[in-house]
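Taking it in order: structure first as structure tokens, then the write-up.
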DNA sequence: ACCGATATGTGACCGCTGTCAACATCGACT
DNA sequence: AGTCGATGTTGACAGCGGTCACATATCGGT
């Protein structure tokens, strides 16, 4: 039987599943090998047959978290429909940021784990090899390139733009998730996030005169 | 004798001093009550006469860290001298951000501690009572108000501006200190930070046509 | 059908941590 | 002089990550 075989069968998967669960509702610091083993109903040393150490387990959870974040961002991106290419590209950048923050607020534990495992966080450009455009950093660069292509961003402003965007959105997420800005009401959060995202849009489109974009709202689903 | 009295004399201060030292060169996760006691040459439980628990010690270190950061920001702020009030105000905002990042990169451990103690980080607006303008958040608001006063920032854009600025700069710091952006060279860091700070300036000054600002460089002293 | 190699899980153990309670010491004040 | 409160010590407990020798189950080859 695939369900509950002989020894335990699929301990590894069970552990990962439990780990994701634990991190979700307690953050990275709640993730303990022993607690996991207890949950799965197995000896604490058994986990070491499947993971070299705690870090290895964390890495796997981080992968899942990253995937979840990408999925969430895509959900927003896919909903964008605007009349002209410029507005579409601008809107996509905004929605990208909003999706990032959505995930951070909806999956606090996973988000914190993603950026608190100081030995080599698995995000972004370092890890090469993946499908381009399937990690947040790739999506971001793609969106910015589009904005240059449609003539919204001056080519001279493209350099470093991805860092600016990432920093702003990531900072907002961090401050709201585990920093002094948690405790904001939903309204305040929406307002300040709109202000931030539209500010980025303004900074990039400073060359010409463009119609302003509609505000954003978080989606705590 | 004030130096090495009877029992220990000034254990509390000695512990705090050692704690700052440890965090400086190992980050918050290296801060252990027992290690501290060992360093100071005292029994492992002695610390409990002075601190309710580990958290309390962390809070004190956080205060020191915050003070250090404010000092560093001020050092940059005080060096600003520009011909006209508008440029001065703009420059001050830029230097404020640069000082924040300076501190994050020069005092990695202390910075991380400041924003990783999820139960009530001591930064920013929450803690009231302090001299206004003597914490980073107050300095930031002051700088932004000035920019409105001199006519650089349109009054309609003032709302939420402090969150935008803080998010961007904080995000940059976090990504460079413990995130995927550490590993950047000094040149890349300077370039991207300049791009970020000047982008903020651009976003706020979008109303009129202003001369562009000179780039920034980090100061790893 | 058997038997051995290999994968998987167990229990005891180490050193580390924070925290607490009981005990010792010392200075200050009456 | 003698007591009291603040400070420091000792020893214990539980929980953690990690490692080991050992037990067990499963599978592959004969």
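Chains as they are written, first to last, in full-length UniProt numbering: chain A, 1 to 221; chain B, 1 to 221.
Note that beta-carbon positions come from the ideal geometry of N, C-alpha and C, so glycine has one too.
Below-9 Å beta-carbon distance, residue i vs any chain B residue
i                      : result
residue 195 of chain A : yes
residue 203 of chain A : yes
residue 128 of chain A : In this predicted model, residue 128 of chain A has a pLDDT of only 49, less than 50, meaning its place in the structure is not dependable enough to derive any value.
residue 200 of chain A : yes
residue 222 of chain A : Outside the shown range of chain A (1 to 221) lies residue 222 of chain A, about which nothing can therefore be said.
residue 167 of chain A : yes
residue 68 of chain A  : no
residue 106 of chain A : no
residue 157 of chain A : yes
residue 160 of chain A : yes
Cβ separation of residue i and residue j, assumed to be a contact under 8 Å, to the nearest whole Å
i                      : j                      : result
residue 15 of chain B  : residue 62 of chain B  : Actually they are not in contact, since the Cβ atoms of residue 15 of chain B and residue 62 of chain B sit about 15 Å apart, beyond 8 Å.
residue 94 of chain A  : residue 213 of chain A : 6 Å
residue 218 of chain A : residue 78 of chain A  : Not confirmed; about 17 Å, so no contact.
residue 191 of chain A : residue 160 of chain B : 6 Å
residue 73 of chain A  : residue 96 of chain A  : 6 Å
residue 153 of chain A : residue 139 of chain A : Not really, about 16 Å apart at Cβ, beyond 8 Å.
residue 168 of chain B : residue 167 of chain A : 5 Å
residue 151 of chain A : residue 110 of chain A : With a Cβ gap of about 38 Å, residue 151 of chain A and residue 110 of chain A do not count as contacting.
residue 64 of chain A  : residue 22 of chain A  : About 12 Å separates the two Cβ atoms, so there is no contact after all.
residue 31 of chain B  : residue 60 of chain B  : Actually they do not touch by this definition, with Cβ atoms about 11 Å apart.
The alpha helix (DSSP H) enclosing residue i, as first and last residue numbers
i                      : result
residue 137 of chain B : 136-149
residue 195 of chain B : 186-204
residue 226 of chain B : Residue 226 of chain B lies beyond the residue range present for chain B, which begins at 1 and ends at 221; the question has no answer from this structure.
residue 80 of chain B  : First-last for residue 80 of chain B: undefined, no H or E at that position.
residue 109 of chain A : 108-114
residue 11 of chain A  : 11-24
residue 164 of chain A : 161-177
Closer than 9 Å to chain A by CB, residue i
i                      : result
residue 99 of chain B  : no
residue 181 of chain B : yes
residue 213 of chain B : no
residue 170 of chain B : yes
residue 116 of chain B : yes
residue 20 of chain B  : no
residue 175 of chain B : yes
residue 185 of chain B : no
residue 87 of chain B  : no
Residue environment, residue i, which counts as buried when at least 16 other CB atoms sit within 10 Å
i                      : result
residue 178 of chain B : buried
residue 199 of chain B : buried
residue 108 of chain A : buried
residue 5 of chain A   : A caution first: residue 5 of chain A carries a pLDDT of 47, below 50, which makes its placement in the model too unreliable to give a value.
residue 194 of chain A : buried
residue 180 of chain B : buried
residue 170 of chain A : buried
residue 162 of chain B : buried
residue 215 of chain B : exposed
residue 221 of chain B : exposed
residue 49 of chain B  : exposed
residue 41 of chain A  : exposed
residue 185 of chain B : exposed
residue 43 of chain A  : exposed
residue 149 of chain A : exposed
residue 116 of chain B : buried
residue 38 of chain B  : exposed
residue 34 of chain B  : exposed
residue 183 of chain A : exposed
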